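Take any residue in the sequence shown, note its place counting from 1, add 600, and you have its number in the working numbering.
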Amino acid sequence: MKYYMSVDGGGTKLAAVLFDDEFRLLGQGTGGAINPNFETMQNIKNTMEKCIDEIVAHRKGIDLDCVYISMPGPHDLFIELLKQHANVKEACVFNEGRMALLAGAQSLRGLVALAGTGSGIFWIDGEKSVHAGGWGSLLGDEGSGYYIGREGLAAAIKCYEGTGPQTMLYRLVMEEWQLQNLWDLVRMVYRSPSPRYVIASAAPLVSKAASMGDEVAQNIYRMAGEEMARQTIALLTRLGIKDKIIGVIAGGVWKGSKIMFDTFQEAVTEAFPNITIEVPMFEPVMGGVIKQVLKAGDEPFCKYLYAIKDEFKAFLYKAHWI
601 MKYYMSVDGG GTKLAAVLFD DEFRLLGQGT GGAINPNFET MQNIKNTMEK
651 CIDEIVAHRK GIDLDCVYIS MPGPHDLFIE LLKQHANVKE ACVFNEGRMA
701 LLAGAQSLRG LVALAGTGSG IFWIDGEKSV HAGGWGSLLG DEGSGYYIGR
751 EGLAAAIKCY EGTGPQTMLY RLVMEEWQLQ NLWDLVRMVY RSPSPRYVIA
801 SAAPLVSKAA SMGDEVAQNI YRMAGEEMAR QTIALLTRLG IKDKIIGVIA
851 GGVWKGSKIM FDTFQEAVTE AFPNITIEVP MFEPVMGGVI KQVLKAGDEP
901 FCKYLYAIKD EFKAFLYKAH WI
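Structural data, given as structure tokens:
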């Protein structure tokens, strides 16, 4: 019996799955954000140790033939910590786009539109990878959770001051965050050790308002879809890709409103009719599992896919509008 691990980390969470060569789920671990641009190395280390303890708690000393890992943070630190509990024979490092494409489309060629706490567009073609966006919240990240949260809070402020349209976002922010005065936002944001996460945490309120028919909130998701499409079209134009390709979305922000997906899909397919935009099958952490299946060839993949969907159903990509 051979054992493998697939690990995916980002600006919001860390996730890992342990599985064997018959693609049975043997363990899983979770943790918080591990992006060193916004987290201290000590916090990242603590998060990684928690995740590792969860996943190998009852399998200390296990031999791992390969660890598939994707994260903007120090993947070498994760492997170093993991080696204190397991024998790691090989570590395969993927970028966020490759991990998401494998999990989402079970493919080694295609486009990924990632919208989580941050955002970015990836074109993957075998070992080749080209990226657009991902400049961080201060310089970019259009269409991200930070972007939607910031626009939502700005809309609430404009409603409060009478400089913008009426929106239930003002009421939701006051109620959900238990504010006595909207000016308390200043303290919450600017005194926080992580203003980026405070702002991004407002995105679910925008989603809630959009689902209740609030036009301002719906327009924020529409703008987010347009921003993601603009980056995608620019990247595909720059690369000169004209053949038939597949594209998948990735990240939790897309789950907030179908408006964002529909806007994105319409704009991209209008510019590139040969692209098919799909909702992913699995969350990105499953990328390593799919990569291991693909190594066995097309026939085993078809054989195992149905069973994998059942065995790893907790990691299927889910949204209220799917």
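Every residue, glycine too, gets a C-beta built ideally from N, C-alpha and C. These figures come from a predicted structure and were not determined experimentally.
Roughly how many angstroms separate the alpha carbons of Gln706 and Gln778, rounded to a whole number?
Numbered from 1 along the sequence shown, position 106 holds the residue referred to as residue 706. Numbered from 1 along the sequence shown, position 178 holds the residue referred to as residue 778. Roughly 43 angstroms separates the two Cα atoms.
CB contact flag (Glu911, Ala703, <8 angstroms):
By 1-based counting over the sequence shown, the position of residue 911 is 311. By 1-based counting over the sequence shown, the position of residue 703 is 103. In this structure, Glu911 lies away from Ala703, with their beta-carbon atoms at least 8 angstroms apart.
Which residue marks the beginning of the beta strand (DSSP E) containing Gly740, and which one marks its end?
As a first step, residue 740 must be located in the sequence shown, where it is residue number 140. Counting along the chain, Gly740 sits inside no beta strand (DSSP E), nor does DSSP assign it H or E at all.
Tell me which same chain residues have a C-beta within less than 7 angstroms of the C-beta of Gly764, skipping the five on either side of it?
The sequence position of residue 764 within the sequence shown is 164, counting from 1. Contacts found: Ala755 and Lys758.
Any chance you could list the beta strand (DSSP E) runs of at least 3 consecutive residues sitting entirely within the region 618-643, in chain order?
625-631
Determine whether the beta carbon atoms of Gly752 and Ser737 lie at a separation below 8 angstroms.
By 1-based counting over the sequence shown, the position of residue 752 is 152. By 1-based counting over the sequence shown, the position of residue 737 is 137. No.
First and last residue of the alpha helix (DSSP H) that includes Asn819?
As a position in the sequence shown, residue 819 is number 219, starting the count at 1. Glu815 to Leu839 is the extent of the alpha helix (DSSP H) around Asn819.
Cβ-heavy atom distance between Pro804 and the ligand GDP below 7 angstroms?
This structure lacks the ligand GDP, and indeed carries no ligand of any kind.
Simplified DSSP assignment, three categories, for Ala803:
Within the sequence shown, the letter at position 203 stands for residue 803. It is helical.
N- and C-terminal bounds of the beta strand (DSSP E) containing Thr876:
By one-based count along the sequence shown, residue 876 stands at place 276. Per DSSP, Thr876 belongs to the beta strand (DSSP E) from Ile875 to Glu878.
With distances taken between CB atoms, is the gap from Ile908 to Val889 smaller than 8 angstroms?
Your numbering for residue 908 matches position 308 in the sequence shown. Your numbering for residue 889 matches position 289 in the sequence shown. Their beta carbons are under 8 angstroms apart, which means Ile908 touches Val889 by this criterion.
Along the chain, where does the beta strand (DSSP E) containing Met860 start, and where does it finish?
Looking up residue 860 in the sequence shown gives position 260. No beta strand (DSSP E) contains Met860, which is instead part of the alpha helix (DSSP H) from Lys858 to Ala871.
Top-ranked residue by Cα proximity to His658, from Arg771, Leu626, Phe638 and Tyr746:
Locating residue 658 in the sequence shown gives position 58, where the first residue counts as 1. Answer by Cα proximity: Leu626.
In whole angstroms, give me the CA-to-CA distance for Gly840 and Asn874.
In the sequence shown, counting from the first residue as 1, residue 840 sits at position 240. In the sequence shown, counting from the first residue as 1, residue 874 sits at position 274. Between Gly840 and Asn874, the C-alpha separation is close to 13 angstroms.
Lys918 bridges to which residues according to DSSP?
Stepping through the sequence shown from its first residue, residue 918 is reached at position 318. Under DSSP, Lys918 shares a beta bridge with no residue.
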